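No gaps in the numbering here: position 156 of the sequence shown is 156 in UniProt numbering, and each next residue is one more. Virtual Cβ for every residue (Gly too), placed ideally from N, Cα, C. This one's a predicted model, so the numbers in the text were calculated from it and none came from an experiment. Some notes on the structure that comes next.
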Amino acid sequence: MIDAEALIAELPRLRRYGRALLGDVARADDLVQDTIERALRKAAHWQGGNLRAWLLTLMHNVFVNQVRRNDALRGASEADAVELAMRDASSDGLGLRDLDRAMQTLSADHREILLLVGLENLRYEEIAGVLDVPIGTVMSRLSRARTQLKAQLDGSPARPALTRVK
1 MIDAEALIAE LPRLRRYGRA LLGDVARADD LVQDTIERAL RKAAHWQGGN LRAWLLTLMH
61 NVFVNQVRRN DALRGASEAD AVELAMRDAS SDGLGLRDLD RAMQTLSADH REILLLVGLE
121 NLRYEEIAGV LDVPIGTVMS RLSRARTQLK AQLDGSPARP ALTRVK
């Protein structure tokens with residue numbers, strides 16, 4: 001059985017991750033609500049251990065299902081782009097604004113990996129468990145995501161780190 005206090009204690013982390021992942025407070029709160037609803041429905045399946053990792057796994061699955069269902073996260077809408085462009089630079093630094101813009105241009109897979117590593121401080125093994133992928137896939141996606149993010153921030157096209165083999 002899931003301890004209600006432990007579940008409530010995880011809400012700020014879930015909200016932070018959801019907001020960073022989606023870039024929209026309302027949609028992030030909906031994602032958290034859907035995640036908590038699923039956690040309560042599937043509480044009998046939880047076998048103890050790391051509640052945070054289990055909740056992030058549920059959130060990932062809910063997120064993927066929503067993307068598949070409405071395909072709304074393939075790219076930012078024009079309204080989102082205008083809102084991002086019009087944000088007041090005094091409320092957050094230019095660097096943070098640029099980082100936010102660059103993060104939103106990444107694919108959902110790459111954004112997820114960067115957020116799980118950078119924001120949630122999960123180890124590669126934990127991320128592999130959350131996303132249900134091999135650890136090599138985590139490392140590969142993280143490398144590609146970092147390359148793309150750096151290219152976005154530098155304003156240069158991303159170049160794959162390939163070497164010529166003869």
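Element boundaries [alpha helix (DSSP H), containing residue i]
i           : result
residue 149 : 135–154
residue 33  : 25–41
residue 123 : Residue 123 -> no alpha helix (DSSP H), and no H or E assigned at all.
residue 110 : 108–118
residue 18  : 4–22
Whether residue i touches residue j by CB criterion (8 Å)
i           : j           : result
residue 41  : residue 10  : no
residue 202 : residue 136 : The question about residue 202 has no answer, for the chain in this structure spans 1 to 166.
residue 4   : residue 15  : no
residue 49  : residue 31  : no
residue 1   : residue 43  : yes
residue 62  : residue 34  : yes
residue 153 : residue 119 : no
residue 112 : residue 21  : yes
residue 151 : residue 106 : no
residue 133 : residue 108 : no
residue 149 : residue 115 : no
Member of the options whose CA lies at the smallest distance from the CA of residue i
i           : options            : result
residue 101 : 23, 6, 12, 145     : 23
residue 147 : 124, 110, 134, 115 : 110
residue 7   : 60, 106, 38, 151   : 38
residue 36  : 59, 45, 47, 138    : 59
residue 125 : 114, 115, 139      : 139
For residue j and residue i, believed in contact at Cβ under 8 Å, the rounded distance
i           : j           : result
residue 142 : residue 117 : 6 Å
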